[in-house]
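With the numbering used here as the guide, the letters of the sequence shown map in order to residues 3 to 451.
Note that the Cβ used here is the ideal one computed from N, Cα and C, for glycine as well.
None of these values were measured; they are calculated from a predicted model.
Let me begin by presenting the structure, written as C-alpha cells, before commenting on it.
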Amino acid sequence: MTNITNYATTIDFVERRIVPVFLLECFFVGAASVFAVVGTYWLWASEWRRTSAWPRLILVVPPLTYLSLLVHGVLSFWNTIDLFDGRALFNTEDLGRNNTAISAVLLPVVITETALFGVSTAVFAFACLLFVARQTRPRLPHVAIILVYLCALIHWAANIGIYARRTAPPIASDNFRTYAPIILLSFNTILCDGIILWRMCLIWERRLWSYVAAGFFILSTFSLSIANIVEISRWVREGGTPWPMPGAPLQVLESKDIVVEPTFENNWLGVSTLCSSVASNAFATVAIGLKAWYHRHQLTKDFCAGTRRTRMEQALALLIESGAVYLSIWIAFLVVSIVPAHVVLFDFADVNAPVADAFNAAMVQITAMYPSTVIILVALDRARLTGHEPEVTLQTVTLTPTDVESAQGSTTSASLTSKDESWDVQGRRWLGKRLDWGQQRKILTLLPS
C-alpha cells in the first residue's frame with residue numbers, strides 16, 4: 003500500500019511540475035531548430051565566412067548547439083516516460099492507473115504539437131522581421147499568414163487545456179475543446195490551400211482556367227470540410243468518444259482503435275476532404291512546374307542554350323521543391339488516416355499511440371509554418387544571389403546619325419564587358435534578367451519585396 007501511495011504521489015508531482023517544464027523545453031527545441039538552420043545558412047552565405055580564419059569551426063557552432071539541446075530533450079522525454087510507467091521507481095498497476103492512462107494518451111499529442119508550435123513560432127517571427135525590414139506593404143497574403151498562425155496558437159492552447167483538465171469534472175468550455183481541433187485544422191487547410199492556389203494563379207498571369215481550377219478545389223475542400231465537421235458533431239452527440247475526456251473508462255483508453263483527436267479518419271467525408279486538399283496541392287505544384295519549364299524553354303529558344311538559371315527560375319524552383327515536400331506530407335497524412343488504428347507509434351504506459359495522433363496534432367502547425375517558410379527560403383536565396391553574383395555592367399553606345407546611315411539597316415547591339423565570361427553568356431544573363439523583371443514582380447507578390 004505504501005508503494006501504491008508513493009506511485010500516485012510521484013505521478014501527481016510529474017504531471018504538475020515536470021511535464022510543464024518539459025513542454026517548455028520542447029517549445030525551445032522546436033524554435034532552436036529554425037535558428038540553427040537559418041544561422042548556419044547565413045554563416046555559409048556571408049562574406050564573413052570567407053574572410054574568417056576559422057570558417058569550418060564557425061559553421062559547426064549552430065548545429066552542435068542545437069544537437070546538444072536536442073539530446074537533452076530526448077533524454078528528458080524518456081525520463082518522463084519512465085516516471086509515468088513506474089519503471090523509475092517500481093512497477094505497479096493498481097492505484098492511479100486510470101489517470102496515468104489518460105496522461106499516456108494525451109501527452110504524446112501535446113509534446114508533438116508543442117515542439118512544432120515552437121518551429122512555427124520561430125518561422126512566423128522571421129517572416130515578420132522580413133516584412134518589417136523590407137518595409138513591405140500589408141497585403142492579403144500577409145493577413146492570411148497571420149490568421150493561420152493564430153489558428154495554430156489556438157489549437158495548441160486547446161490541447162494544453164485538454165491535458166490540464168484530463169481528470170477534472172466536465173465544464174461548459176469542454177465543448178469548445180472538443181470541436182476546436184477539427185474546426186481549426188479544417189480552417190488552416192482551406193486557407194493554406196487558398197494561398198498556394200492563388201500563388202499559382204499569379205504565376206500563370208491570372209489566366210481564366212487558373213481561377214476556375216482554384217475556385218473548384220477551394221469550393222470542394224470547403225464543402226467536404228463542413229460536411230466532415232457536421233458528421234463528427236453528430237457522432238459525438240450520439241455518444242462517441244473522440245478523445246479521452248474526464249471519466250473515460252480504462253478499457254476505452256487501452257483500446258487499440260483509439261485516436262486522440264480524430265479529424266479525417268472516422269468517415270469517408272474526412273478521407274474525401276484529405277483527397278481534395280492533396281489534389282489541389284498536386285495541381286498547383288504541377289502547374290508551377292509547367293510554368294518553370296515553359297519559361298526555360300522560351301528563354302533557350304529565343305536566345306541561346308545554357309545551364310545558368312535566372313532569378314525567376316530559381317524562385318520557381320524553390321516554390322516547386324517546397325510544394326513537393328508539403329504535398330508529400332499530406333499524402334503521408336492521407337495514408338495514415340485510412341488505417342489509423344493499424345499504425346502505432348509506440349506503446350506508452352500500455353496505451354497505444356497511433357501515428358494518426360501525431361499527424362493530427364502536427365498538421366495544424368505544418369499548415370501554419372508552410373507559407374512563412376517559403377518567404378524565408380526565397381529571402382535567403384535572394385540574399386545569396388546578391389552576395390555571390392558578379393556585377394554585370396552595361397556599356398552605353400552612343401550612335402550619331404552618320405553611324406546609323408553607315409550601318410545600312412544592320413542591327414546594332416550594345417556589348418557587355420566581363421573579365422572571365424564571354425559576350426553570349428553575359429548577354430544571356432542580362433537579357434534573361436530584363437525579361438524576367440516584369441513577371442517576377444507579379445509572381446513573387448506573396449514574398450517580401
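Asked                                                                                                                                                                              : Found
Quick check: what's the CA-CA separation for residue 276 versus residue 370?                                                                                                       : 17 Å
List the whole-angstrom C-beta distance separating residue 331 from residue 40, where the pair is believed to meet the contact cut-off of C-beta under 8 Å.                        : At roughly 21 Å, the Cβ-Cβ gap does not stay under 8 Å, so residue 331 and residue 40 are not in contact.
What would DSSP say about residue 269, mapped onto helix, strand or coil?                                                                                                          : coil
From residue 274 to residue 23, what does the alpha carbon distance come to, in whole angstroms?                                                                                   : 39 Å
Using only CA atoms, which one of 296, 211, 185, 329 lies nearest to residue 224?                                                                                                  : 185
Am I right that residue 366 and residue 130 are in contact with their C-beta atoms under 8 Å? What's the rounded C-beta distance?                                                  : Actually they do not touch by this definition, with Cβ atoms about 19 Å apart.
Measure the C-alpha to C-alpha separation of residue 228 and residue 220 and round it to an integer number of angstroms.                                                           : 12 Å
For residue 140, report the span of its alpha helix (DSSP H) as first-last.                                                                                                        : First-last for residue 140: undefined, no H or E at that position.
Tell me which residue opens and which closes the alpha helix (DSSP H) that residue 206 is part of.                                                                                 : No alpha helix (DSSP H) holds residue 206; DSSP gives it neither H nor E.
Would residue 124 and residue 31 be called neighbours here (beta carbons separated by less than 8 Å)?                                                                              : no
Can you check whether the CB of residue 161 is closer than 8 Å to the CB of residue 112?                                                                                           : yes
Can you tell me whether residue 341 is helix, strand or coil according to DSSP?                                                                                                    : coil
Would residue 33 and residue 150 qualify as a contact pair, given that the criterion is a beta-carbon distance under 8 Å?                                                          : no
Quick check: the Cα distance between residue 144 and residue 73, rounded to an integer number of angstroms?                                                                        : 36 Å
Count the other C-beta atoms from every protein chain shown that fall within 10 angstroms of the C-beta of residue 76, then say buried if there are 16 or more, exposed otherwise. : exposed
Can you check which of these residues, 79, 78, 46, is closest to residue 64 by C-alpha distance?                                                                                   : 46
For residue 289, is the classification buried or exposed, using 16 other Cβ atoms within 10 angstroms of its Cβ as the cut-off for buried?                                         : buried
Who are the near neighbours of residue 61 in its chain, counting only those whose CB is closer than 8 Å to its CB and skipping five residues on each side?                         : 42, 45, 46, 51
Quick check: what's the CA-CA separation for residue 181 versus residue 235?                                                                                                       : 8 Å
If you draw a straight line from the C-alpha of residue 189 to the C-alpha of residue 324, how long is it?                                                                         : 21 Å
Write down the C-beta distance between residue 226 and residue 271 rounded to the nearest angstrom, noting that I regard them as a contact closer than 8 Å.                        : 6 Å
Within 8 Å of any Cβ in chain B, is that where the Cβ of residue 278 sits?                                                                                                         : Absent from the structure is chain B; it holds one protein chain and no more.
Residue 28 and residue 117: beta carbons closer than 8 Å?                                                                                                                          : yes
Kindly indicate which residue of 202, 287, 132, 71 has the alpha-carbon position closest to the one of residue 382.                                                                : 132
Return the Cβ separation of residue 269 and residue 328 in integer angstroms, given the expectation that the two are a contact with Cβ distance under 8 Å.                         : That belief does not hold up - the Cβ atoms of residue 269 and residue 328 are roughly 25 Å apart, past 8 Å.
Using only alpha-carbon positions, find the residue among 70, 142, 191, 296 that is nearest to residue 266.                                                                        : 191
CB residue 363 to CB residue 115, shorter than 8 Å?                                                                                                                                : yes
Rounded to whole angstroms, what's the CA-CA distance from residue 109 to residue 158? Just pull it up for me.                                                                     : 13 Å
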